[in-house]
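In what follows, a single structure is set out as structure tokens and then discussed.
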Amino acid sequence: MKTENVAQLIERIASQLNATTYIEPIYKKFGIIFFSNGRRLFFKDRQININTASSVSVTTNKFETSNFLSHFGYNVPTGRTFSNHPYDIKHNRSVEDGIVFAKELGFPVILKPNNKSQGVLVCKVGNEEEFRDIAAKILRNRNDALLVEKFYGGYSDYRIVVLGERVISAYQRIPLTVTGNGRQNILELLKDKQAYYKIIGRESKEIDIDDFRIKMHLQGNNMNLNYIPFTNEQVTLLDNANLSSGGTTLELTEKIAKEYCQLAVSVAHDMNLKLCGIDILTHDIKVWSEDHIILEVNSAPGLDNYAYTGEKQKEYVDELYLQILKYFETSF
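Under my numbering, the first residue of the sequence shown carries the number 1, and numbering increases by one thereafter.
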């Protein structure tokens, strides 16, 4: 099933509200919706400007987001930022200080860029050598910062999407995996998955076969790309569960515990966001537990990934975007 890009999806949904859409003709990513009541809504890909610029600015900084969430009393990852910037080095926040902090947390730890999204360069590292290697990759640009976080094993990764005062979507995020058939090795299975994603319309960049993190993850589990999984064996290839890195979802909107809904709406309210995706680590989102971690808050959650998995999911995504556009048209 071939699907349209996000801009085309939004254009089609907007027409159901008798709204007109202009999409810039070169890159076809930026657009504006003209509603029949005179309101206008700019968008870029999946980014719809329902939220204030200041709130978006905060949530693009992972460490500061955690600081604010912690101030409001939420459970957040234990973490700290480091860089090679002279100011940070002066204040004992260099890469070497980051290694000291990692030792205090206890390896393995999670390293990630502080201001990037979609799972870019997120890695679990198990020793000092890996730490220095990944830190160097993240800090190639002096303006970047390295976020070091405690690794929380045994949890599942979930996203809850909030619009206004209610949850409109909830799902488990599952990392990039391949399923063995007893004949093909991991590399062959991965190429098949990449080919399938292209057929159904997912961007080819979502699975980078040459991603160094895949080899790193496999080595950490005593495997390599030549390993042949047995039939139905599930082999995880990345530590992060982002859909933009080739991950998949398990729909749970109708099964989420009400306490998690309340939690998500509360987070959105406290962060002054009308539309956001809240990423939570917990054991089972269907059963409430105080033992959870709010991992990140995304002010431009991508809802379109569902549409690549089937006709029913495509209809569901259409309904979600219709709700978002109706909310903007009538609620401001």
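Glycine included, each C-beta is placed from N, C-alpha and C at the ideal position.
Excluding residues up to 5 positions away in sequence, Val6, Lys29 lie with their Cβ nearer than 6 Å to the Cβ of aspartate 45 in the same chain.
In the DSSP annotation of this structure, valine 120 is not part of any alpha helix (DSSP H), being labelled neither H nor E. Inclusion of valine 178 and leucine 189 in the CB contact set at 7 Å is warranted, their separation being smaller than that value.
Within its own chain, the residues whose Cβ lies closer than 8 Å to the Cβ of aspartate 239, once the five positions on either side in sequence are excluded, are Ile110, Val122, Cys123, Lys124, Pro175, Arg213, His217, listed in chain order.
For alanine 170, the enclosing beta strand (DSSP E) begins and ends at 166 to 174. The secondary-structure analysis by DSSP pairs lysine 255 with nothing; it has no beta-bridge partner. Less than 7 Å separates the beta-carbon of valine 265 from that of glutamate 165. If you check the CB distance, leucine 273 and isoleucine 168 do not come in under 7 Å. Counting the other CB atoms within 10 Å of its CB gives tyrosine 158 a total of 16 or more, which places it among the buried residues.
In this structure, the alpha-carbon of asparagine 222 lies about 55 Å from that of threonine 20. With a cutoff of 7 Å on beta-carbon distance, cysteine 276 and valine 162 are scored as near each other.
Under the three-pair Cβ rule at 8 Å, the stretch 64 to 83 does not count as touching the stretch 241 to 261. Remark: fewer than three beta-carbon pairs, one from each stretch, lie closer than 8 Å, so the stretch 29 to 40 and the stretch 289 to 298 are not flagged as touching. About 4 Å separates the Cβ atoms of glycine 246 and isoleucine 207, confirming a contact at the 8 Å cut-off. Judged by their CB atoms, alanine 102 and valine 148 are nearer to each other than the 7 Å cut-off. Annotation: lysine 191 to isoleucine 209 spans about 7 Å, alpha carbon to alpha carbon. Residue range 293 to 298 is occupied by the beta strand (DSSP E) that includes asparagine 298, with no alpha helix (DSSP H) assigned at that position. DSSP, read as helix, strand or coil, puts aspartate 97 in helix.
If you draw a straight line from the Cα of glycine 98 to the Cα of alanine 136, it comes to about 12 Å. Taking C-beta separations shorter than 8 Å and ignoring five residues to either side along the sequence, the partners of leucine 17 in its chain run Phe35, Ser36, Leu322, Leu325, Lys326, Glu329, following chain order.
Ranked by Cα distance from threonine 52, the options Gln118, Ile228, Met271, Ile23 are led by Met271.
Inter-residue distance for serine 54 and glutamine 184 is about 49 Å (C-alpha atoms, whole angstroms). Per the DSSP secondary-structure output, tyrosine 22 pairs in a beta bridge with Ile32.
When secondary structure is reduced to three states using DSSP, lysine 193 falls in the helix class. For aspartate 133, the enclosing alpha helix (DSSP H) begins and ends at 128 to 138. No Cβ-Cβ contact shorter than 7 Å links asparagine 115 with threonine 81. Inter-residue distance for asparagine 61 and glutamate 251 is about 28 Å (C-alpha atoms, whole angstroms). DSSP places leucine 111 outside any alpha helix (DSSP H); the residue lies instead in the beta strand (DSSP E), whose first and last residues are 109 to 113. Taking aspartate 133 as reference, the option from Gln194, Val95, Asn232, Gly153 with the minimal CA-CA separation is Val95. With at least 16 other beta carbons inside 10 angstroms of its own, tyrosine 171 counts as buried. Per the coordinates, the alpha-carbon of threonine 231 lies some 5 Å from the alpha-carbon of glycine 180. Isoleucine 32 and arginine 12 have their C-alpha atoms spaced approximately 13 Å apart. With a cutoff of 7 Å on beta-carbon distance, valine 56 and serine 299 are scored as near each other. When DSSP reads this structure, aspartate 279 sits in a beta bridge with Arg159, Glu296. DSSP places glutamate 11 in the uninterrupted alpha helix (DSSP H) bounded by 6 to 15.
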